[in-house]
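The structure appears below as structure tokens.
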Amino acid sequence: MIELEHQAKVTSQILFYVVNDQTRNVASMIEVSQYAGSNRRLIVVLNPYPGPDHQINGEKLTTAEYEDLQNAMETVQDLIERQGIPVFNSIKVAHVLCVDTTAYSALIPLLTLR
Numbered sequence: 005m006i007e008l009e010h011q012a013k014v015t016s017q018i019l020f021y022v023v024n025d026q027t028r029n030v031a032s033m034i035e036v037s038q039y040a041g042s043n044r045r046l047i048v049v050l051n052p053y054p055g056p057d058h059q060i061n062g063e064k065l066t067t068a069e070y071e072d073l074q075n076a077m078e079t080v081q082d083l084i085e086r087q088g089i090p091v092f093n094s095i096k097v098a099h100v101l102c103v104d105t106t107a108y109s110a111l112i113p114l115l116t117l118r
């Protein structure tokens, strides 16, 4: 399964990532940062953790863990945006853009910080 996932990521024209409060997302944040640095076409949705009392799979985050995860997400967002890749906070909006690759190509210059 891991090899199949790897092949899908290597051959995909656009990679769609959602980093939200459902998991800790450590591997996903590393992966999306690596792909952003490799000039891959990415669509990224980032939704911050709601607060230090947040629970993931019934386990409450410690204050330190919350701060580390939140800082990591902010760093990833900064890195992605510096590569000219827009970051969305809505899966629905990002999905529409992903489906219409013509819109993706036309809108990227308008949505980036460059």
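Residue numbers (the working numbering): 5 to 118.
Built from N, CA and C at the ideal position, the CB exists for glycine as well.
**OP:** Look up GLU7 in the DSSP assignment and say whether it is helix, strand or coil.
**Re:** Looking up residue 7 in the sequence shown gives position 3. Annotated three-state conformation of GLU7 is helix, per DSSP.
Subject >> Best match in VAL49, LEU50, LEU65 for proximity to PRO56 [C-alpha to C-alpha] >> reply: Position 52 of the sequence shown, counted from the start, is the residue given in the question as residue 56. Nearest to PRO56 by C-alpha distance, out of VAL49, LEU50, LEU65, is LEU65.
**OP:** Would you check if there are 3 or more beta carbon pairs closer than 8 angstroms linking the region 78-85 to the region 31-46?
**Re:** Yes, since at least three Cβ pairs between the region 78-85 and the region 31-46 fall closer than 8 angstroms, the two stretches touch.
**OP:** For CYS102, collect the residues of the same chain with a Cβ closer than 8 angstroms to its Cβ; drop the 5 residues on either side in sequence, then sort them by chain order.
**Re:** Translated into positions along the sequence shown, residue 102 becomes position 98. Here the set comprises ILE18, PHE20, ILE47, TYR108.
Original post:
Can you tell which of GLU7, THR15, ALA31 has the C-alpha that lies nearest to the C-alpha of LEU73?
Top reply: The residue you call residue 73 lines up with position 69 of the sequence shown. Nearest C-alpha to LEU73: ALA31.
Original post:
How would you write the range of the alpha helix (DSSP H) that TYR53 sits in, first residue to last?
Top reply: Mapped onto the sequence shown, residue 53 falls at position 49. Annotation for TYR53: no alpha helix (DSSP H) segment contains it, and DSSP assigns it neither H nor E.
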